[in-house]
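Novice: Start counting at 1 in the sequence shown, then tack on 35, and there's your number in the working numbering.
Yeah, the Cβ is synthetic: ideal placement off N, Cα and C, and Gly gets one too.
What you are looking at is a predicted structure, and each value in this text was computed from that prediction instead of being measured.
Shown below is the structure under consideration.
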Amino acid sequence: MFVIRQARVEDGTALLKLAKMVHFINLPADPSIINQKILRSRRSFLGKMSDEREREFMFILEDTETGNVVGTSGIVACISWPGRPHTYFQVRRREMYSKDLQTGQVHLTLQFGTDETGPTEMAGLILGPSYRGHKEKLGAILSLIRFHYMGLHRAWFADRVIAEMMGALTPASSNLLWEYLGRRFINLDYAEADRFCQHSKEFMTSLMPRDEIYASLLPPEARSLIGRVGPETEPAKAMLMRLGFRDIGHIDPFDGGPYLEAALDDISLVQQTRTAVLNGATGRYPNTGLVSFDGEAGFLAVRTPYADDDEGGIRVPKRALAAIGANVGDRVGLTPLSVATTTKRAPAAKRPRRKAPAKGSGRRASGATS
């Protein structure tokens, strides 16, 4: 069985191992930064942050049979405020036309921008390679738990939510867009610049030009990375788009990956999240959902079958109760997973036999996670 819980200090070694697998600005492979993030997450779950803007929640996916930490995801409650901006490139299309030549060109331009309005960010999601493709769709659970938690604690989060989709990296964990663009203005390699952002973004706002930059001036291999995600990120992007996120034309200035955005209150999973009393652990369970309990052991959640009852409460299997440390009579969080988070191909209609049957144009569905 798999349980989602808040990060603990003893998870540091396992998180460092995960951080070394995938390059994420939200989880750098630095033991001291990881430890700081765990401590900040602990205070955030307890509601004891001295500055509420610095709330940061780190979730851990644990295999209860082995005790192994197999994945992580998180929420940054407020990614920017006056004096601490969120940075991006705005992507635009510029159309030019010559009457004399009777021809035109369409150019992409990039313009450095900042945002100090403080949206909430869906922080980096990492799933261990040996657990990818698991029948339990563990990557989807790690992603959806964030909506569950935001739905339960709506006042802690901003009206806007953004998700940074990781761009395509080289085998050496570098990025050609940064090498051909960012490094022309900031003489740091990709990893150094990304790591320095953990402490300050002043160097970005001071050294990046504010004028539009024509992407046509970049080599094709760098230009092709604008707004593109790596193959391991495609399923996560597809799932977020189905949940109501949209591409707003902002990309990460380091790797070119797109930023997706949604209004928190418009996300169906957030709308349907509620609390309910546990009224029993027997009977049939026709539904599936995320069920959580915040008790002495901290925040714990599982994906489990459940049943609604006539009193407005729910019933869940005893195994799920034990996993989250809850008892009958406790109030728990619930997010029904009846909302489609994966796309299924509609069954093909039967066609009459012909010598030259028409070809279908169905598009292959994308999974929620790798």
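D365 by DSSP, collapsed to three states: which one?
Specialist: Residue 365 sits at position 330 when you count from the first residue of the sequence shown. The answer is coil: DSSP assigns D365 none of H, G, I, E or B.
Novice: Over what stretch of residues does the alpha helix (DSSP H) that includes L356 continue unbroken?
Specialist: In the sequence shown, residue 356 corresponds to position 321, counting from 1. Element bounds for L356: 353-359.
Novice: Residues in the same chain with beta-carbon distance under 7 Å from L55, minus the five sequence neighbours each way, listed in chain order, please.
Specialist: Mapped onto the sequence shown, residue 55 falls at position 20. The question names Leu, yet the displayed sequence has Lys at residue 55. These residues qualify, in order along the chain: A64.
Novice: State buried or exposed for V141, treating a residue as buried only when at least 16 other CB atoms are found within 10 Å of its CB.
Specialist: Here the question's residue 141 lines up with position 106 in the sequence shown. Looking at its Cβ environment, which holds fewer than 16 other Cβ atoms inside 10 Å, V141 is exposed.
Novice: Count the other CB atoms within 10 Å of the CB of H285; is the residue buried (16 or more) or exposed (fewer)?
Specialist: On the sequence shown, position 250 is the one that residue 285 refers to. So H285 ends up on the buried side.
Novice: Hey, how far is the Cα of K385 from the Cα of S165?
Specialist: Taking the sequence shown and counting its residues from 1, the one referred to as residue 385 is at position 350. Taking the sequence shown and counting its residues from 1, the one referred to as residue 165 is at position 130. Confidence at K385 is low in this model, with a pLDDT of 40, below 50, so its placement is unreliable and no value can be given for it.
Novice: Look at the alpha carbon of A332 and the alpha carbon of T205, and state the distance between them as a whole number of angstroms.
Specialist: Mapped onto the sequence shown, residue 332 falls at position 297. Mapped onto the sequence shown, residue 205 falls at position 170. A332 and T205: Cα-Cα distance of roughly 41 Å.
Novice: Beta-carbon separation of E156 and I114 under 8 Å?
Specialist: If you number the sequence shown from 1, residue 156 lands on position 121. If you number the sequence shown from 1, residue 114 lands on position 79. Yes, Cβ-Cβ distance for E156 and I114 is below 8 Å.
Novice: Would you report the Cα separation of N2 and D365, rounded to the nearest angstrom?
Specialist: Past the boundaries of the shown model lies residue 2; the chain is included only from 36 to 405, so the question cannot be answered.
Novice: Hey, V351 and A316 are a contact pair by Cβ (cut 8 Å); roughly how many whole angstroms apart?
Specialist: For this step, residue 351 is matched to residue 316 along the sequence shown. For this step, residue 316 is matched to residue 281 along the sequence shown. V351 to A316, Cβ: 6 Å. Contact.
Novice: Of all the options D150, P371, A257, which has the alpha carbon lying nearest to the alpha carbon of G202?
Specialist: Translated into the one-based positions of the sequence shown, residue 202 becomes position 167. If we check each option's Cα against that of G202, A257 comes out closest.
Novice: Compute the distance between the beta-carbons of T122 and E247, then report whether it is under 8 Å.
Specialist: The residue you call residue 122 lines up with position 87 of the sequence shown. The residue you call residue 247 lines up with position 212 of the sequence shown. Not in contact: T122 and E247 (Cβ atoms no closer than 8 Å).
Novice: So, with DSSP's three-state summary, where would you put G106?
Specialist: Residue numbering aside, residue 106 sits at position 71 when the sequence shown is read from its first letter. G106 falls in the strand class under three-state DSSP.
Novice: Do G168 and A271 have their CB atoms nearer than 8 Å?
Specialist: The residue you call residue 168 lines up with position 133 of the sequence shown. The residue you call residue 271 lines up with position 236 of the sequence shown. No, they are not a contact pair.
Novice: Over what stretch of residues does the alpha helix (DSSP H) that includes P270 continue unbroken?
Specialist: Within the sequence shown, residue 270 is the residue found at index 235, counting from 1. First-last of the alpha helix (DSSP H) with P270: 269-277.
Novice: Do the CB positions of A112 and R78 come within less than 8 Å of each other?
Specialist: Here residue 112 refers to the residue found at position 77 of the sequence shown. Here residue 78 refers to the residue found at position 43 of the sequence shown. Their beta carbons are not under 8 Å apart, which means A112 does not touch R78 by this criterion.
Novice: How many angstroms separate the CA atom of A336 from the CA atom of A228?
Specialist: If you number the sequence shown from 1, residue 336 lands on position 301. If you number the sequence shown from 1, residue 228 lands on position 193. If I take the Cα positions, the gap works out to 36 Å.
Novice: Tell me whether V106 is buried or exposed, calling it buried when 16 or more other Cβ atoms sit within 10 Å of its Cβ.
Specialist: To locate residue 106, count along the sequence shown from 1; it is residue 71. As written in the sequence, residue 106 is Gly, which differs from the Val given in the question. Result: buried.
Novice: Would you tell me roughly how many angstroms separate the C-alpha atoms of V374 and A207, rounded to the nearest one?
Specialist: Numbered from its first residue, the sequence shown carries residue 374 at position 339. Numbered from its first residue, the sequence shown carries residue 207 at position 172. In this predicted model, V374 has a pLDDT of only 47, less than 50, meaning its place in the structure is not dependable; the value taken from the coordinates is given anyway. Whole-angstrom Cα-Cα distance: 39 Å.
Novice: Looking at the structure shown, is E256 part of a helix, part of a strand, or coil, going by DSSP?
Specialist: Residue numbering aside, residue 256 sits at position 221 when the sequence shown is read from its first letter. Looking at E256 - three-state DSSP - the assignment turns out to be helix.
Novice: Since S191 sits in a beta bridge, which residues does DSSP pair it with?
Specialist: Numbered from 1 along the sequence shown, position 156 holds the residue referred to as residue 191. The displayed chain sequence assigns Trp, not Ser, to residue 191. For W191, which the question treats as bridged, DSSP gives no partner whatsoever.
Novice: Where does G324 sit, in a helix, a strand or coil, going by DSSP?
Specialist: Working through the sequence shown from its first residue, we reach residue 324 at position 289. If DSSP states are grouped into helix, strand and coil, G324 belongs with the strands.
Novice: Could you tell me if L53 is buried or exposed, where buried requires 16 or more neighbouring beta carbons within 10 angstroms of its beta carbon?
Specialist: Locating residue 53 in the sequence shown gives position 18, counting from the first residue. It is buried - the Cβ of L53 has at least 16 other Cβ atoms within 10 Å.
Novice: For F238 versus F231, is the C-beta distance shorter than 8 Å?
Specialist: Taking the sequence shown and counting its residues from 1, the one referred to as residue 238 is at position 203. Taking the sequence shown and counting its residues from 1, the one referred to as residue 231 is at position 196. Taking 8 Å as the Cβ cut-off, F238 and F231 qualify as a contacting pair.
Novice: Using the beta-carbon count (16 or more within 10 Å), is D194 buried or exposed?
Specialist: For the purposes of this step, residue 194 is taken as residue 159 along the sequence shown, with counting starting at 1. The residue is exposed, with fewer than 16 neighbouring Cβ atoms inside 10 Å.
Novice: Note down the Cα distance separating P117 from D86, rounded to an integer number of angstroms.
Specialist: Reading the sequence shown from its first residue, position 82 is the one you call residue 117. Reading the sequence shown from its first residue, position 51 is the one you call residue 86. Computed Cα separation, rounded: 14 Å.
Novice: With distances taken Cα to Cα, identify the nearest neighbour of K236 among L160, S303, D150.
Specialist: In the sequence shown, counting from the first residue as 1, residue 236 sits at position 201. The shortest C-alpha separation from K236 is found at D150.
Novice: Nearest CA to the CA of W213: which residue from G279, L304, T152, F289?
Specialist: Here residue 213 corresponds to residue number 178 of the sequence shown, with the count starting at 1. The shortest C-alpha separation from W213 is found at F289.
Novice: Among the candidates A49, V44, Q71, whose CA atom is the shortest distance from the CA of H234?
Specialist: Translated into the one-based positions of the sequence shown, residue 234 becomes position 199. The option with the nearest alpha carbon to H234 is Q71.
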